[in-house]
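Undergrad:
In our numbering, the protein residues as written are 226 to 639.
Following this line, the structure appears as structure tokens:
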């Protein structure tokens with residue numbers, strides 16, 4: 226494997242763990258991002274050469290590859306400089322597929338919802354079983370090691386992204402598909418192309434584990450070695466709701482690698498969880514602050530269901546940030562229906578990923594929800610408003626995949 230890499234957009238959720246893997250393998254890693262973040266600081270401490278802001282001058286000499294996020298356009302000055310210098314360029318998912326070839330057995334999780342949690346649980350079980358997998362997960366996993374990740378060459382556990390179609394590039398021993406929904410259809414050429422991409426991912430997996438839904442049956446029933454795992458009707462391995470099916474899929478995946486089911490379930494007992502995935506951030510004086518990454522109506526509904534079961538007597542107040550105008554437009558009525566099941570909602574401005582725009586935003590969404598108010602983009606003011614809610618017990622749930630987590634600074638107890 227070549228050893229000098231530059232990452233454009235290095236602080237992104239899918240880019241940072243790839244950079245960490247290369248640093249663990251003693252590769253030279255440099256990169257840039259528009260703003261400094263916890264991810265860029267973490268990589269700097271691990272030895273990466275980090276630049277804040279994109280510029281052609283950021284690229285060092287003698288690079289082997291430039292890796293870029295799908296959010297980085299061709300006119301980016303670093304990509305332009307790489308083209309000028311004939312440095313090969315790969316999208317994040319393209320490079321992931323190449324990197325995975327360093328391992329004998331690849332387990333990839335690709336689905337519309339639950340990729341991070343399922344892959345993190347599987348990796349945790351395999352680590353506890355002393356199988357020492359390499360791991361690439363696009364989220365912080367509490368308790369997971371940062372250093373010395375993936376130095377072996379046997380098992381590699383990763384998320385495979387459907388949003389840009391690069392999951393079709395992986396050749397896997399085990400593919401896991403928790404579910405298939407229409408999300409991201411707009412970015413890959415339509416819903417039928419999205420489904421065809423999932424079929425391709427399945428065909429390139431020697432063994433396949435899938436959630437059991439009519440659509441998954443339609444897409445994968447012709448696979449020569451597929452197991453459909455039905456939804457959980459109750460708790461599983463100490464998890465509830467959608468996390469229970471994630472855990473069940475992870476246990477099934479671990480069994481493929483020779484871990485006995487009872488041991489796999491036992492190992493999940495000390496799983497630390499994934500950042501922004503139904504994470505209880507704080508509890509004090511009758512107020513619980515919860516954070517979740519949900520940004521699709523199916524995910525938001527699952528989050529609300531989880532919180533209703535866990536905190537049945539609490540007033541449920543959501544701080545919800547729509548993620549991408551395209552998603553809000555496609556699922557506007559579904560968001561209205563789902564968010565209306567909370568007790569109160571504060572809707573923020575849209576997180577406009579990839580600099581897009583749209584005709585309906587947070588203000589228009591809030592106007593259609595009887596229990597909602599529009600909060601705009603001042604996260605400190607939104608947090609102050611949420612804390613004024615007199616209800617006790619009170620759950621304040623910060624929901625979204627964008628910058629809405631900035632409200633946590635104002636919500637945490639002094």
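Glycine included, C-beta positions come from ideal geometry on N, C-alpha and C.
1. When the Cα atoms are used, what is the spatial distance from residue 341 to residue 401?
2. Which word fits residue 372, buried or exposed, when buried means at least 16 other C-beta atoms lie within 10 angstroms of its C-beta?
3. Count the other CB atoms within 10 Å of the CB of residue 471; is the residue buried (16 or more) or exposed (fewer)?
4. With residue 397 as the anchor, note down where its beta strand (DSSP E) starts and where it stops.
5. Per DSSP, what kind of secondary structure is residue 613 in: helix, strand or coil?
6. I'd like to know if the region 576-592 and the region 547-556 are in contact, where contact means that at least 3 CB-CB pairs between them fall below 8 Å.
7. What does a CB cutoff of less than 7 Å around residue 559 pick up in its chain, not counting 5 residues either side in sequence?
8. Would you tell me roughly how many angstroms separate the C-alpha atoms of residue 460 and residue 346, rounded to the nearest one?
9. In angstroms, rounded to a whole number, what distance separates the CA positions of residue 335 and residue 489?
10. Rounded to whole angstroms, what's the CA-CA distance from residue 538 to residue 601? Just pull it up for me.
11. Got a sec? Which residues, its chain only, sit under 7 Å from residue 530 by beta carbon, not counting five neighbours each side?
12. Quick check on DSSP: helix, strand or coil for residue 229?
13. When you compare the CB positions of residue 630 and residue 623, do they come within less than 8 Å of one another, or not?
14. Is the region 261-271 close to the region 288-306, with three or more CB pairs under 8 Å?
15. Buried or exposed: residue 455, going by 16 or more other Cβ atoms within 10 Å of its Cβ?
16. Quick one: what's got a C-beta closer than 7 Å to residue 394's C-beta in the same chain, skipping five residues either side?
17. What is the C-beta distance between residue 387 and residue 419, in whole angstroms, given that I count them as a contact (C-beta under 8 Å)?
18. Straight-line CA distance for residue 573 to residue 293?
TA: Here's the rundown:
1. 12 Å
2. Only weak support exists for where residue 372 lies, its pLDDT of 49 falling under 50; the value from the coordinates is given anyway. So residue 372 ends up on the exposed side.
3. buried
4. 397-402
5. coil
6. yes
7. 522
8. 16 Å
9. 21 Å
10. 29 Å
11. 466
12. strand
13. yes
14. no
15. exposed
16. 318, 319, 322
17. 7 Å
18. 29 Å
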